[in-house]
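Peer 1: The structure that follows is given in the form of structure tokens.
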Amino acid sequence: MELTPGQLRLVCDRPLLAAKTQAAATLTRNLHGLAGTLRAEVRGHAPGWVVPEGFDPEAFQVARGENLDETPYQYLDCPRHFSRDGVFAFRVLIWWGRSVNACWLLKGERLPVWRERLRALPVADRPDGVGLWLGADPWDWAGFTPLHRADWCAVAERDFVKLGIRRELSAPILAPDGLRDAAMMAFRAGQPLLSA
956 MELTPGQLRL
966 VCDRPLLAAK
976 TQAAATLTRN
986 LHGLAGTLRA
996 EVRGHAPGWV
1006 VPEGFDPEAF
1016 QVARGENLDE
1026 TPYQYLDCPR
1036 HFSRDGVFAF
1046 RVLIWWGRSV
1056 NACWLLKGER
1066 LPVWRERLRA
1076 LPVADRPDGV
1086 GLWLGADPWD
1096 WAGFTPLHRA
1106 DWCAVAERDF
1116 VKLGIRRELS
1126 APILAPDGLR
1136 DAAMMAFRAG
1146 QPLLSA
């Protein structure tokens, strides 16, 4: 199979490829910086959370890939707990060409409690811009719905809760302060679900 002319130009464009590599490195540094902020938050809050067995409040991961619906992505998971039985993680996903997403991924035996607490949140405690992803699985990044318009029947049909924010890509959101502020808004929005 031959490359199309456009694909060939892309493969041969050294300045573009170098710029992509440099941008990825900058975003990785920003995610590592955000990990420090989130780890401090986790240390402060985790003692009051009901967490899965084996949960390590210090666990985090920064990673990247090239093909999330045909575009590159980078993410930070902090805290990070994945098992056969569930997920207890906070993810910040920079989806190149699309959006920045920061959310709690919750799946497991406490799902009924998380759902009920989510539904019971007073309207005053539902920050503007916070919503749910109602895709088919926790790894589907489509289907973001603002919390005030959530379809509670659809929430009940999912075997997970995915609560957080989505922001369009822009210079302010990708700056370290913008990324931190968006992530902290989403992180704090999930706190009422997690307490003992």
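With this note's numbering applied, the sequence shown covers 956 to 1151.
Even glycine gets a Cβ: it sits at the ideal position worked out from N, Cα and C.
Can you find a heavy atom of the ligand SAM that lies under 8 Å from the Cβ of G1020?
Peer 2: Here there are no bound small molecules, and the ligand SAM is not part of this structure.
Peer 1: Do you know offhand how far P970's Cα is from T1100's?
Peer 2: The alpha-carbon atoms of P970 and T1100 are separated by roughly 38 Å.
Peer 1: Can you name the start and end residues of the beta strand (DSSP E) that R1019 belongs to?
Peer 2: First-last of the beta strand (DSSP E) with R1019: 1016 to 1023.
Peer 1: Is P1012 helix, strand or coil by DSSP?
Peer 2: The answer is coil: DSSP assigns P1012 none of H, G, I, E or B.
Peer 1: From the DSSP secondary-structure annotation, give me the bridge partner or partners of F1045.
Peer 2: DSSP output for F1045 lists W1059 as bridge partner(s).
Peer 1: Quick one: is P1093 buried, meaning 16 or more other Cβ sit within 10 Å of its Cβ, or exposed?
Peer 2: That one is buried.
Peer 1: Could you round the C-beta distance between L1061 and V997 to whole angstroms and report it? I think they count as a contact, below 8 Å.
Peer 2: About 15 Å separates the two Cβ atoms, so there is no contact after all.
Peer 1: So, is D968 buried or exposed, given that buried needs 16 or more other C-beta atoms within 10 angstroms?
Peer 2: It counts as exposed.
Peer 1: The beta strand (DSSP E) that contains D1136, what's its start and end?
Peer 2: Unbroken run through D1136 is the alpha helix (DSSP H), 1131 to 1144; no beta strand (DSSP E).
Peer 1: Note down, one range per segment and in chain order, each alpha helix (DSSP H) of at least 4 residues found wholly within the stretch 1077 to 1129.
Peer 2: If we require 4 residues or more, the alpha helix (DSSP H) runs fully inside the stretch 1077 to 1129 come out as 1107 to 1112, 1126 to 1129.
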